[in-house]
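Counted the way our numbering counts, the sequence shown spans residues 28 to 514.
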Amino acid sequence: MIKSLLVSITAMLCMNACAQELTIIKKNAAVKWIPFQTKNKQFVYVDSAFNKKLPQQFHWAQPFTSTGYALVANEKDQMGIINSQGEFIENYSEAQVELLDLGQLTLAMKRQEYDKNLPFWKWDWNILSSYIKKTGTYVKLEIRVLESNQVLLKKDIPYDENEYNLVTYPLDAKHLVLNGNLYLIKDQRLKKIEGNIEMPLENGRYIPASTDRFTVHDIQSKKPLLSNLTGLDKIELLWKNETILLDSVNQERFTPIVPKLLKDHKTGSIYAFPQYDKAFPKQIKQATAAQIAFLKEISLVYSVTNSPYFILGRFNYDHAVWAYDWLYIDKDGNLLNSIKAPNFYILDQVGNLVWPDKLMLLPANAIEKNWKTGKIKYVYSSEDLYLIDVKRGDLNPTKGLWNAAAKAWDIKPDLEHIEILDGERQIFALQEHKDGLYTLYNNKTKQRIGDKSYIVINPNGWIRCKNEFNQDDSYFIDIATGKEYIE
Numbered sequence: 028m029i030k031s032l033l034v035s036i037t038a039m040l041c042m043n044a045c046a047q048e049l050t051i052i053k054k055n056a057a058v059k060w061i062p063f064q065t066k067n068k069q070f071v072y073v074d075s076a077f078n079k080k081l082p083q084q085f086h087w088a089q090p091f092t093s094t095g096y097a098l099v100a101n102e103k104d105q106m107g108i109i110n111s112q113g114e115f116i117e118n119y120s121e122a123q124v125e126l127l128d129l130g131q132l133t134l135a136m137k138r139q140e141y142d143k144n145l146p147f148w149k150w151d152w153n154i155l156s157s158y159i160k161k162t163g164t165y166v167k168l169e170i171r172v173l174e175s176n177q178v179l180l181k182k183d184i185p186y187d188e189n190e191y192n193l194v195t196y197p198l199d200a201k202h203l204v205l206n207g208n209l210y211l212i213k214d215q216r217l218k219k220i221e222g223n224i225e226m227p228l229e230n231g232r233y234i235p236a237s238t239d240r241f242t243v244h245d246i247q248s249k250k251p252l253l254s255n256l257t258g259l260d261k262i263e264l265l266w267k268n269e270t271i272l273l274d275s276v277n278q279e280r281f282t283p284i285v286p287k288l289l290k291d292h293k294t295g296s297i298y299a300f301p302q303y304d305k306a307f308p309k310q311i312k313q314a315t316a317a318q319i320a321f322l323k324e325i326s327l328v329y330s331v332t333n334s335p336y337f338i339l340g341r342f343n344y345d346h347a348v349w350a351y352d353w354l355y356i357d358k359d360g361n362l363l364n365s366i367k368a369p370n371f372y373i374l375d376q377v378g379n380l381v382w383p384d385k386l387m388l389l390p391a392n393a394i395e396k397n398w399k400t401g402k403i404k405y406v407y408s409s410e411d412l413y414l415i416d417v418k419r420g421d422l423n424p425t426k427g428l429w430n431a432a433a434k435a436w437d438i439k440p441d442l443e444h445i446e447i448l449d450g451e452r453q454i455f456a457l458q459e460h461k462d463g464l465y466t467l468y469n470n471k472t473k474q475r476i477g478d479k480s481y482i483v484i485n486p487n488g489w490i491r492c493k494n495e496f497n498q499d500d501s502y503f504i505d506i507a508t509g510k511e512y513i514e
């Protein structure tokens, strides 16, 4: 099920892309090969039984993608790309190289900085000295599909104008948005369907860029679903014989390109972020006096994806931390004190949870008298797990793992840090004390994984540690078992 990962903060509201799974092709056998560090500090590829699978050795290497490609490097730290036969798809070079595994396809991006001689009218003249800067930093950029060698982008760009990356936003199993372009995945190629996409949405929807009038499109339809939409920050609601004005809604420090409220001037309907999928009610059917008083103070309106509900937030100035009080309304105008939206989250800009908040997740008996809860982070793919900061008096905050389904601490909030390595398999890296080492932990079995500790543990298994001579070392491990791939 697609989970909505949304970003919300009163000063700035923006959306994190929702992760949707693309159709996965049959896995290449090389997917399970791991870079194995030899005694001479080189890397070779082996299987789980430590059988060598390729004859070459590399100064540095990464695991293979599911499509059968891997990044490798030589002693000069030049990077290249190999396939599962050990053949170089991209020779060693000074360029920085990134790979993106799309399941069906593999994207590669090469990026190399260089100094370019500028025409004299672009020289940088320093009026306080005789120095004249006659060059500028540029980036040679290329993005291509490895399977078909299709070039999607190839250009030289001034360094400070480079906004290209490999971040993709899947709309369904065959369509994605990359660098503002909508593509169809077909025959190991990406066919460009449309450009200037400003906001990818869920369920195959998207909003093209515009200066003042917006449209909402669906990949299944040639005509827009909604058109002639303009942004606004006010909502009028009819309650009995009274018009209630919801003023200053979803205002932000920096005006977003796509407003969080859009009005259809043909019908008068208002549509709300993130999905703009249903009209906000024009009148209230039933409400209490307390609900009406609350309604007049709201500053945040979110549409709950794949549901009839909207979330209404009133900023609570009495809280020591950034917090809201909540009310809800359905598309028919019924005000509600609570709703069920298990796959919907509102996050702040760094991924901390805003909704559901701590009062919804934590019963009173979960927090001791001298505790104060702080930042909350949802463990993606875990269904019911949350990392929660707890502050005891003047002590620095510590972290724990809260199980909302069991209403209990899976990991008591006594740790310096908890790093999420695999949310679905519930594998974490635990740090007990500041500047301490990390250990692997399986929350499903409630057991530590392996008997080693590391300075750093990455989700792909790459670790950093001190060797027997107290020197820095790095290699790969299996985070599920703790098996080390080192000779």
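In this text, a Cβ means the ideal position worked out from N, Cα and C, and glycines have one as well.
- Remark: fewer than three beta-carbon pairs, one from each stretch, lie closer than 8 Å, so the region 468 to 482 and the region 67 to 81 are not flagged as touching.
- When only Cα atoms are considered, Pro286 and Phe300 end up about 8 Å apart.
- Excluding residues up to 5 positions away in sequence, Leu272, Leu273, Val276, Leu288, Ile297, Phe307, Val328 lie with their Cβ nearer than 8 Å to the Cβ of Ile262 in the same chain.
- Of the candidates Asp384, Phe371, Asn397, Phe371 places its Cα closest to the Cα of Glu410.
- Taking C-beta atoms as the reference points, Leu386 and Tyr413 fail to come closer than 8 Å.
- Secondary-structure assignment with DSSP links Phe115 through a beta bridge to Ile109.
- Gln177 carries a strand assignment under DSSP once its states are collapsed to helix, strand and coil.
- If you draw a straight line from the Cα of Ala316 to the Cα of Asn268, it is about 14 Å long.
- Burial is judged here by how many other beta carbons sit within 10 angstroms of a residue's own beta carbon; Tyr96 has at least 16 and is buried.
- Going by DSSP, Gln318 is part of the alpha helix (DSSP H) stretching over 316 to 322.
- Its Cα nearest to that of Asp505, the residue Ser75 stands out among Ser75, Asn67, Gln64.
- DSSP links Tyr233 through a beta bridge to Pro227, His244.
- Leu98: member of the beta strand (DSSP E) spanning 96 to 100, first to last residue.
- According to DSSP, residue pairing for Ala88 in a beta bridge involves Val99.
- Note on geometry: alpha-carbon atoms of Asn497 and Pro197 lie some 45 Å from one another.
- Shown here, Tyr303 sits in coil according to DSSP, grouped into three states, outside any helix or strand.
- The Cβ-Cβ distance between Ser330 and Phe321 does not fall below 8 Å.
- Where Leu388 is concerned, the enclosing alpha helix (DSSP H) starts and stops at 385 to 388.
- Short of 7 Å from the beta carbon of Lys182, and not among the five residues preceding or following it, lie these beta carbons of its own chain, in chain order: Leu168.
- For the region 341 to 367, the full-length beta strand (DSSP E) segments reaching 3 residues or more read 351 to 357 along the chain.
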